[in-house]
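Trainee: Each residue of the sequence shown is one higher than the last, beginning at 29 in the working numbering.
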Amino acid sequence: MNEKIKIRVHHLMCLRYFRNKGYSDDFCKNMAKIKQLLESQDNIELVDNCDDICSHCPNNVGGKCTSDDVVEYDKKVLDICKNLKIGCTSFQKAYTMVDEEILSEGKRQSICGNCRWNELCKSKN
Ligand code: SF4
Ligand code: SF4
Numbered sequence: 029m030n031e032k033i034k035i036r037v038h039h040l041m042c043l044r045y046f047r048n049k050g051y052s053d054d055f056c057k058n059m060a061k062i063k064q065l066l067e068s069q070d071n072i073e074l075v076d077n078c079d080d081i082c083s084h085c086p087n088n089v090g091g092k093c094t095s096d097d098v099v100e101y102d103k104k105v106l107d108i109c110k111n112l113k114i115g116c117t118s119f120q121k122a123y124t125m126v127d128e129e130i131l132s133e134g135k136r137q138s139i140c141g142n143c144r145w146n147e148l149c150k151s152k153n
């Protein structure tokens, strides 16, 4: 994929913990593909709406996530990572900020502790 990969802000956290479990087989296959692509492609567009992971999610209805919680997750990540901005084009830069300022600081659950996958992600901390 040469074009920018669209990544939704809070997915910078989800990508770290993803282990081939998710909403559907198609979702998992696509997310695994994107996670692998991001190992060699740094070029992204950071967004606060549906991204290239959401594109294969059954909760994406007409380009909008049916969960209201995810909007809060995005906002909270941006609140903590003051230098992380929508439109950021470097995956490594964005991922490192989230890793250093949220995940390594043990703040993830204060953001998305109510997510249905919390126990799974917690076990990978
Ligand atoms: S708990 Fe949910 S929102 Fe949080 S990192 Fe895991 S999958 Fe993503
Ligand atoms: S639950 Fe919502 S934010 Fe998460 S991948 Fe699905 S559509 Fe995207």
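Think of the CB as a built atom: it goes at the ideal place given N, C-alpha and C, for glycine as much as any other residue. Small disclaimer: the values here were computed from a predicted structure and weren't measured.
1) First and last residue of the beta strand (DSSP E) that includes valine 75?
2) To which residues of the same chain is aspartate 102 closer than 8 Å at the C-beta, ignoring the five residues directly before and after it?
3) Taking isoleucine 130 as the reference, give the member of Leu106, Lys57, Pro86 and Leu65 with the closest Cα.
4) For glycine 50, count neighbouring Cβ atoms within 10 angstroms of its own Cβ and tell me buried if that reaches 16, exposed if not.
5) Three-state secondary structure (DSSP) at cysteine 93?
6) With lysine 61 as the anchor, note down where its alpha helix (DSSP H) starts and where it stops.
7) Going by beta carbon distance, what residues of the same chain come within less than 6 Å of tyrosine 45, once the five residues before and after it are set aside?
8) Residues with a Cβ closer than 5 Å to any heavy atom of ligand 1, in chain order?
9) To which residues of the same chain is glutamine 64 closer than 8 Å at the C-beta, ignoring the five residues directly before and after it?
10) Report yes if the C-beta distance between threonine 124 and glutamate 73 is below 8 Å; otherwise report no.
11) Could you check which residue in Asn146, Lys110, Met41 and Leu112 has the C-alpha nearest to that of isoleucine 81?
12) With distances taken Cα to Cα, identify the nearest neighbour of isoleucine 62 among Leu43, Val99, Gly134 and Gly90.
Mentor: On the basis of the supplied data:
1) On the sequence shown, position 47 is the one that residue 75 refers to. In this chain, the beta strand (DSSP E) harbouring valine 75 covers 72-75.
2) Counting from 1 along the sequence shown, the entry for residue 102 is found at position 74. Here aspartate 102 has Arg36, Val37, His38 and Asp76 as same chain residues with Cβ atoms under 8 Å from its own Cβ, once five neighbours each way along the sequence are excluded.
3) Counting from 1 along the sequence shown, the entry for residue 130 is found at position 102. The shortest C-alpha separation from isoleucine 130 is found at Leu106.
4) One-based indexing of the sequence shown puts residue 50 at position 22. With a threshold of 16 other beta carbon atoms within 10 Å, glycine 50 meets it and is buried.
5) For this step, residue 93 is matched to residue 65 along the sequence shown. For cysteine 93, the three-state secondary structure derived from DSSP is strand.
6) Sequence index remark: in the sequence shown, residue 61 carries index 33 (1-based). Element bounds for lysine 61: 53-68.
7) By one-based count along the sequence shown, residue 45 stands at place 17. If we look at tyrosine 45 and ignore the five residues flanking it on each side, its Cβ neighbours are Cys149 and Lys152.
8) What you get when you keep residues with a C-beta closer than 5 Å to any heavy atom of ligand 1 is Met41, Cys42, Cys140, Cys143, Trp145, Asn146 and Cys149.
9) The residue you call residue 64 lines up with position 36 of the sequence shown. None.
10) As a working note, residue 124 is residue 96 in the sequence shown. As a working note, residue 73 is residue 45 in the sequence shown. No, Cβ-Cβ distance for threonine 124 and glutamate 73 is not below 8 Å.
11) One-based indexing of the sequence shown puts residue 81 at position 53. Proximity to isoleucine 81 across Asn146, Lys110, Met41 and Leu112 peaks at Met41, based on C-alpha coordinates.
12) Reading the sequence shown from its first residue, position 34 is the one you call residue 62. In terms of Cα proximity to isoleucine 62, the closest of Leu43, Val99, Gly134 and Gly90 is Leu43.
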